[in-house]
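If you read the sequence shown in my numbering, its first letter stands for residue 263, the second for the next number, and so on. We put the CB at the ideal spot given by N, CA and C, even for glycine.
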Amino acid sequence: MTATQEAQYTGQGYLTPLNDLIKENMPNFSALMENDPQIEKLISQNDGTIYSLPGINECYHCNYSQKMYINKTRLDNLGLPPLSMSTTKC
């Protein structure tokens, strides 16, 4: 549902506020919003009412696309020294 549709359907009374339902039934999502207040701000209407839930993906590899994988076994087999994990040498 787009933000425009949400505003339209809210004005027509088709959508139910989810604030109380979230507090009562979604402890993990409630904790997530407490830890990151931006989430609640982004999904709330101007009056603070929540009518829809977001899709949230907090997987590490999704948030940090610039990465490099190192096969430590291969380095060991080649007799190479361990790599520094410090960013100061980059």
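**Prompt:** Is the beta carbon of S292 sitting closer than 8 Å to the one on K303?
**Reply:** no
**Asked** Are three or more beta carbon pairs between the region 331 to 347 and the region 302 to 319 nearer than 8 Å?
**Response** no
**Request:** Compute every distance between the C-beta of E286 and the non-hydrogen atoms of the ligand COA, then say whether any falls below 7 Å.
**Result:** By its list of ligands, the structure shown contains no ligand whatsoever, and the ligand COA lies outside what it can speak to.
**Asked** Hey, out of K329, L277, L345, whose CA is closest to R336's CA?
**Response** L345
**Prompt:** From what residue to what residue does the alpha helix (DSSP H) around S299 run?
**Reply:** Looking at the sequence provided, one finds Pro at residue 299 rather than Ser. That run of the alpha helix (DSSP H) goes 299 to 305.
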